[in-house]
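Chemist: Its first residue numbered 8, the sequence shown is counted upward by one per residue in my numbering. Glycine is no exception: its CB is placed at the ideal position from the N, C-alpha and C atoms. Below you'll find the structure I mean.
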Amino acid sequence: MQATLMTSEDSAPTESSSSAVNWGPIIAGAFAASSLTFILMLLGSGLGLSMVSPWSGAGASVTTFAVSTAAWLVVVQWLSSGVGGYLTGRLRTKWVGVHTDETYFRDTAHGFLAWALATLLVVGVLGSALSAALGSGVQAASTVAAGTAIGASAGAATKGAAFDTISYYVDTLFRPADPAKLAAVDPQNDAAATAQASRILLASAANGGEVAADDSTYLTQLVAARTGLSQADAKARLDTLIAKLKDAKVKAQQAADTARKASATFALLGALSLVVGAFIASVAAALGGRQRDEEEAIFLANR
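Structure below.
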């Protein structure tokens, strides 16, 4: 009875004390994938800058640029993850006494881990640029939601640019009908009138771009007094200015909405590229591991 128990205990399979994860090949594959990603990203940046032009209508649109960038990210993930996963599978040591299905699972897991480590490395290097790209989309969405006339943002520089734009429009209100009257304008009164008109237009912009009836009447009288125009001509000039402000508001909202859609497309396709990269890395590692075992079996058979 005792001999039977000892034989049964001796024949029981023992669990290996070593881990099934080989970090050496994983780290090597991750560094290879991240390095290739960096190179391809630089190449993509060069190609992307060639698509952008400061001249209106000369370059690609924001949507086209975002879609092209996201498509390039898919290509980058495809190539870099494939190389990194394949190297991970080829560089790992052979598992002895392991079933074929288990070997396939381990190779797949090693490829996935190599991709995950490479992704963390790339995010650590390019994370600030990615955050800036996504942040611009969030800011554009908030601009559309706010509905301000000049597309005002939280930045001080943008606020200054909006004020300069309104100041320019205000200057057009106080251009005298007779240029000779320009010298007769009191600088102090002219500055006060300009400041009042600016505050009225800024308040109207914050309230949706509509100028209140009493403000419109006051501005008409102010323009007529400072420029020498008749009440009807002053009212026509004011209406033209308000129409320009509304047009600027619509254009700012359209640009912000285009940027929001482009950022959303970029984010969705970027996430898709990461999923593609994880799948490619896992498959490539399984392929590399299988070829590694097959090459070793052929070598041992020919010895």
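(1) Can residue 128 and residue 37 be called in contact, C-beta distance under 8 Å?
(2) Tell me whether the stretch 85 to 97 and the stretch 241 to 261 touch, counting them as touching only if at least three CB pairs, one residue from each stretch, are closer than 8 Å.
(3) May I ask you to report which of helix, strand or coil DSSP gives residue 253?
(4) How would you label residue 197, buried or exposed, when you count the other beta carbons within 10 angstroms and need 16 or more for buried?
(5) Is the beta carbon of residue 125 sitting closer than 8 Å to the one on residue 40?
(6) Would DSSP call residue 105 helix, strand or coil?
(7) Nearest-angstrom Cα distance between residue 30 and residue 257?
(8) Between the stretch 94 to 102 and the stretch 112 to 125, can you find at least three pairs of beta-carbon atoms closer than 8 Å?
(9) Is the distance from the Cβ of residue 288 to the Cβ of residue 121 below 8 Å?
(10) Tell me the rounded alpha-carbon separation between residue 301 and residue 123.
(11) Assuming residue 180 and residue 204 form a contact by the criterion Cβ under 8 Å, report the distance between their Cβ atoms to the nearest whole angstrom.
(12) When you compare each of 80, 46, 306 and 270 to residue 281 by their alpha carbons, which one comes out closest?
(13) With 16 other CB atoms within 10 Å as the buried threshold, where does residue 207 fall?
(14) For residue 141, which three-state DSSP category applies?
(15) In this structure, does DSSP put residue 267 in helix, strand or coil?
(16) Please confirm whether residue 285 and residue 119 have their CB atoms less than 8 Å apart.
(17) In this structure, how does DSSP classify residue 235 when only helix, strand and coil are distinguished?
(18) Please report the distance separating the alpha-carbon of residue 230 from that of residue 212.
(19) Between residue 106 and residue 50, what straight-line distance do the alpha-carbon atoms span, to the nearest angstrom?
Modeler: Taking the geometry as given:
(1) Translated into positions along the sequence shown, residue 128 becomes position 121. Translated into positions along the sequence shown, residue 37 becomes position 30. In this structure, residue 128 places its C-beta atom within 8 Å of the C-beta atom of residue 37.
(2) no
(3) Indexing the sequence shown from 1 puts residue 253 at position 246. Helix.
(4) If you number the sequence shown from 1, residue 197 lands on position 190. Flag for residue 197 reads exposed.
(5) Along the sequence shown, one-based indexing puts residue 125 at 118. Along the sequence shown, one-based indexing puts residue 40 at 33. Their beta carbons are under 8 Å apart, which means residue 125 touches residue 40 by this criterion.
(6) Counted from its first residue, the sequence shown places residue 105 at position 98. Coil, per DSSP.
(7) As a first step, residue 30 must be located in the sequence shown, where it is residue number 23. As a first step, residue 257 must be located in the sequence shown, where it is residue number 250. Using only the alpha carbons, I get a separation of about 56 Å.
(8) yes
(9) By 1-based counting over the sequence shown, the position of residue 288 is 281. By 1-based counting over the sequence shown, the position of residue 121 is 114. At the C-beta level, residue 288 and residue 121 come within 8 Å of one another.
(10) Mapped onto the sequence shown, residue 301 falls at position 294. Mapped onto the sequence shown, residue 123 falls at position 116. Their backbone Cα atoms lie some 27 Å apart in a straight line.
(11) Along the sequence shown, read from residue 1 onward, the residue named residue 180 stands at position 173. Along the sequence shown, read from residue 1 onward, the residue named residue 204 stands at position 197. Confirmed, Cβ separation roughly 6 Å.
(12) For the purposes of this step, residue 281 is taken as the residue at position 274 of the sequence shown. Taking only the C-alpha atoms, the option nearest residue 281 is 80.
(13) The count along the sequence shown starts at 1 and reaches residue 207 at position 200. Residue 207 is buried by the Cβ-count criterion.
(14) By 1-based counting over the sequence shown, the position of residue 141 is 134. Annotation note: pLDDT 49 at residue 141 (below 50); position unreliable, no value reported.
(15) Taking the sequence shown and counting its residues from 1, one reaches residue 267 at position 260. Looking at residue 267 - three-state DSSP - the assignment turns out to be helix.
(16) Sequence index remark: in the sequence shown, residue 285 carries index 278 (1-based). Sequence index remark: in the sequence shown, residue 119 carries index 112 (1-based). In this structure, residue 119 lies closer than 8 Å to residue 285 by Cβ.
(17) Locating residue 235 in the sequence shown gives position 228, where the first residue counts as 1. Taken through DSSP and simplified to helix, strand or coil, residue 235 comes out as coil.
(18) Within the sequence shown, numbered from 1, the residue matching residue 230 stands at position 223. Within the sequence shown, numbered from 1, the residue matching residue 212 stands at position 205. In a straight line, the C-alpha of residue 230 is about 19 Å away from that of residue 212.
(19) Locating residue 106 in the sequence shown gives position 99, where the first residue counts as 1. Locating residue 50 in the sequence shown gives position 43, where the first residue counts as 1. When only Cα atoms are considered, residue 106 and residue 50 end up about 43 Å apart.
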